[in-house]
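Residue numbers (my numbering): 229 to 578.
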């Protein structure tokens, strides 16, 4: 037997052992998504064109653009574990544990590969599931890993990493994990990714100067009149969403090198980008009308032409077509219980 053949056989034995080990430690998941064709859907980059290029959208109060910034609701805290988008592993405990003890044994990184995971506790006083907090006592724990995000579907390696971290947490709490079956979870992840990928829509147009270049300060001044405020990074301006800490409604950005330039001569800007992340913004906030108004007003004040990613001008007819496609996406997201702007949609399309 050659060395190459022997190494190949050894590798096969190791992979088989790992698979059997994962199956031995897990069970079948109770929650299932509707069945779809097997395989992972190709995830496309956000653009102005819709899924399949069929329409101009891609494949995640008073004046709405200003009201969204003015109305302030409770801070956005993200989502609780959701069987629709998470694989959930219950952790049975022999005795109640404190939130401080659980927090001390949580892994430094709550990610498995590219997928986030969360740990919740069943509060001994209220009987409700909640994120782990200090000064609380929990009679049960559960951990959930996200089945898909914009990086694609959860795979077997990522799931194995999740199970390994959760088992270590359970052992430190003298508990026992009842994790879903690895192959079932991977199949659910592919199904969810296949359902969500065609609905992952980010609208983006480029505003190109028709004459002179702009300074970053001038762009900011013009944008401020349309309700934009400085974002978290230089050269990024946003119309905030209604929830403090939540994602913005509309984003305007200039090239980072211009925003960070110390020499004003290097800070000349001839184009900027306006973007709307459809699944992240609730339909009730009227994000597309805000996007359309901002694009129209900015183009007029900056003396710029709005263009798609192919460099073609975006006409009024194109905006109408985009609006109809956005409406279709909203209905599809609603049908899947992933309404735009909901905690589940925000997590899934991230």
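We put the CB at the ideal spot given by N, CA and C, even for glycine.
Less than 8 Å separating the beta-carbons of residue 444 and residue 495?
Taking 8 Å as the Cβ cut-off, residue 444 and residue 495 qualify as a contacting pair.
Which residue wins for smallest C-alpha separation from residue 435, given the options 380, 523, 486?
Of 380, 523, 486, the residue nearest in Cα terms is 523.
On a Cα-Cα basis, can you pick out the residue from 557, 410, 406 that is closest to residue 389?
With distances taken between Cα atoms, residue 389 lies closest to 410.
Measure how close the beta-carbons of residue 569 and residue 485 come, nearest whole angstrom, since I'm counting them as under 8 Å.
Not quite, the Cβ-Cβ distance comes to about 33 Å (not below 8 Å), so this is no contact.
Quick check: is any heavy atom of the ligand GTP less than 7 Å from the C-beta of residue 332?
As for the ligand GTP, it is missing from this structure, which has no ligand bound.
State the start and end residues of the unbroken alpha helix (DSSP H) segment that holds residue 550.
Where residue 550 is concerned, the enclosing alpha helix (DSSP H) stretches over 544-563.
When the Cα atoms are used, what is the spatial distance from residue 536 to residue 385?
C-alpha separation (whole angstroms): 38 Å.
On the DSSP letters alone, give me the boundaries of the beta strand (DSSP E) that residue 315 sits inside.
Residues 314-326.
Expressed to the nearest angstrom, what Euclidean distance is found between the alpha-carbon atoms of residue 534 and residue 514?
Their backbone Cα atoms lie some 20 Å apart in a straight line.
Round the Cβ separation of residue 379 and residue 342 to the nearest angstrom and send it over; I've been treating them as touching at under 8 Å.
Sure, about 4 Å apart at Cβ, within 8 Å.
Are the C-beta atoms of residue 434 and some chain C residue less than 8 Å apart?
This model lacks chain C altogether, as it is built from one protein chain only.
If you follow the alpha helix (DSSP H) that residue 524 is part of, which residue opens it and which one closes it?
Taken as a continuous stretch (DSSP letters only), the alpha helix (DSSP H) holding residue 524 covers 515-530.
Can you give me the start and stop residues for the alpha helix (DSSP H) that residue 581 sits inside?
The structure shown does not extend to residue 581, since the chain spans only 229 to 578, so no value can be given for it.
As a quick exercise: from 339, 557, 481, pick the residue whose alpha carbon is nearest that of residue 452.
Among 339, 557, 481, the Cα nearest to that of residue 452 belongs to 481.
How many angstroms separate the CA atom of residue 438 from the CA atom of residue 561?
So the alpha carbons of these two residues sit roughly 38 Å apart.
Please determine, among 398, 366, 376, 498, the residue with the shortest C-alpha to C-alpha distance to residue 441.
Here the closest residue by C-alpha is 498.
Relative to the alpha-carbon of residue 333, which residue among 368, 414, 393 has its alpha-carbon at the smallest distance?
The shortest Cα separation from residue 333 among 368, 414, 393 belongs to 393.
Quick check for students: name the residue ranges of the beta strand (DSSP E) that lie wholly in the stretch 417-483, counting only runs of 3 or more.
Entirely contained in the stretch 417-483, the beta strand (DSSP E) runs reaching 3 residues are, in chain order, 430-437, 464-467, 478-481.
Take the Cβ of residue 563 as the centre, count every other Cβ of all protein chains shown within 10 Å, and call the residue buried at 16 or more, exposed below.
Exposed.
For residue 311, which option in 374, 455, 474, 456 has the closest C-alpha, if you only look at C-alpha atoms?
Checking every option, the nearest Cα to that of residue 311 belongs to 374.
Give every residue of the same chain whose Cβ lies closer than 6 Å to the Cβ of residue 377, excluding the five residues on either side of it in the sequence, and list them in chain order.
So the list reads 578, once near-sequence residues are dropped.
Along the chain, which unbroken stretches of the alpha helix (DSSP H) at least 4 residues long are found entirely within the stretch 348-408?
Here the runs fully enclosed are 384-400.
Got a sec, what are the start and stop residues for the alpha helix (DSSP H) residue 489 sits in?
Note, residue 489: premise wrong, no alpha helix (DSSP H); not H, not E.
Taking a contact to mean a Cβ-Cβ separation below 8 Å, would you say residue 550 touches residue 431 in this structure?
Their beta carbons are under 8 Å apart, which means residue 550 touches residue 431 by this criterion.
For residue 506 versus residue 572, is the C-beta spacing smaller than 8 Å?
Contact: no.
Using the beta-carbon count (16 or more within 10 Å), is residue 476 buried or exposed?
The residue in question, residue 476, is buried, as its Cβ has 16 or more Cβ neighbours within 10 Å.
Please classify residue 491: is it buried, with 16 or more other beta-carbons within 10 angstroms of its beta-carbon, or exposed?
Looking at its Cβ environment, which holds fewer than 16 other Cβ atoms inside 10 Å, residue 491 is exposed.
May I have the straight-line CA-CA distance separating residue 407 from residue 396, to the nearest angstrom?
One C-alpha to the other measures close to 13 Å.
Which residue or residues does DSSP assign as beta-bridge partners of residue 504?
Answer is 431, bridged to residue 504.
Do you know how far the Cα of residue 367 is from the Cα of residue 464?
Computed Cα separation, rounded: 45 Å.
Among 478, 474, 370, which residue has its Cα nearest to the Cα of residue 467?
Nearest option by C-alpha distance: 478.
In or out: residue 446 buried (at least 16 other Cβ within 10 Å) or exposed?
Flag for residue 446 reads exposed.
Closest by CA to residue 530, which one among 519, 402, 500?
Of the listed residues, the one whose Cα sits closest to residue 530 is 500.
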